[in-house]
Each structure stands twice: as structure tokens, then as C-alpha cells.
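Let me begin by presenting the structure, written as C-alpha cells, before commenting on it.
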Amino acid sequence: MEPPLLPPSPPSRGTKRSASGEPLIGKNRISSLYKPEIVSIFIYEEDDKADKEDEDATTKEREMIEYQVPRGLIRASSEYFDKAFGDDFEEGKTRKIVLADVLPWVFECFIGWLYTQKVFWEYQAT
């Protein structure tokens, strides 16, 4: 008896693959998005009263906001985070990073873009 006929495989559209044949996003395996490891990104809250000349003192006094993001998603979308959360750096081992020079609303726009590929921004009058 002959085996059943299977439909032909779809042609490859330039999908990058690992040595084992698994699809890649950038340099990362696509399976890293299926059961994501979560990384924590800490950003200082905005402080309108902070003295910009004494930035070290003001960052110590300010509260931090923690954002949790799937490791595979953020690594696939940014060369900076790909390297930072790789296994060669302490941030990659601890799954934590502090971004001292980023405003929360800017990072929130980036997170929105990660998930939707659109930039969301709410105007807040001061």
C-alpha cells in the first residue's frame, strides 16, 4: 500500500532558520515567544523638581517603575536589548536592567510599538 500523498511544503520566503531548522527572529528562536521568559526593565519615575546638574543624587531619591516584557519579544525588536539580555551580560543572567536616562512615557510608547507595530502617545497638558 502506498503512503498517503502529502501537500507540498510551501516555498521558503527567506525565513531565517537555526542549525536545527527552527525559524528565527533576528538571531533568536521563534519558540522563545511561545513560553516567554519575562525580563524586568526598571525606569526612574519622572521628577519635575529634579536638579539636572546633580543627576546622580536625584536618581537615588526617585522611585522606579518596573516593566515586565517577554525576553524573546524585546530581544527580537532591538539590537540593544538583544545584546543586553543575551547570556554574555549580567542583565541577561539576572533578567533585569535599569534604564536611567529613559522617561517612562517614552518606554511605554516603545512597549506599545513592540506589541502593535504602531506608536501610541497620549498628550498630557502640563
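Positions 3 to 128 (my numbering) are the ones given, in order, by the sequence shown.
For each residue, glycine too, the CB sits at the ideal point set by N, CA and C.
These numbers were taken from a predicted model, which means no experiment stands behind them.
Output the distance between the C-alpha atoms of residue i and residue j, rounded to the nearest integer angstrom.
| i | j | result |
| --- | --- | --- |
| Q70 | E39 | 10 Å |
| M66 | K18 | 38 Å |
| T118 | F112 | 10 Å |
| E124 | G23 | 42 Å |
| E63 | E48 | 11 Å |
| F83 | A102 | 15 Å |
| E81 | R73 | 13 Å |
Using a Cβ-Cβ cut-off of 8 Å (strictly less than) and excluding sequence neighbours within five positions of residue i, which residues of its own chain qualify?
| i | result |
| --- | --- |
| L116 | V71, L75, I76, S79 |
| G114 | K120, V121, F122 |
| K95 | D89 |
| V104 | I45 |
| Q91 | Going by the sequence as given, residue 91 is Phe instead of Gln. Taken in chain order, the residues that qualify are K85. |
Shortest alpha-carbon distance to residue i belongs to which of the options?
| i | options | result |
| --- | --- | --- |
| Y46 | F109, V121, Q119, E92 | F109 |
Could you name the residues of the same chain whose beta carbon sits closer than 7 Å to that of residue i, not counting the 5 residues immediately before and after it, in chain order?
| i | result |
| --- | --- |
| E93 | A86, F87, I99 |
| P106 | I45, E47, E48, I67 |
If I follow the unbroken beta strand (DSSP E) through residue i, where does it start and stop?
| i | result |
| --- | --- |
| P38 | Taken as a continuous stretch (DSSP letters only), P38 belongs to no beta strand (DSSP E), as it is neither H nor E. |
| K85 | Run containing K85: none in the beta strand (DSSP E); it sits in the alpha helix (DSSP H), 81-86. |
| E68 | 66-72 |
By Cβ distance, which residues of its chain are closer than 6 Å to residue i, with the 5 residues on each side in sequence left out?
| i | result |
| --- | --- |
| S42 | E68, Q70, K98 |
Along the chain, where does the alpha helix (DSSP H) that runs through residue i open and close?
| i | result |
| --- | --- |
| K95 | 92-96 |
| E110 | 106-118 |
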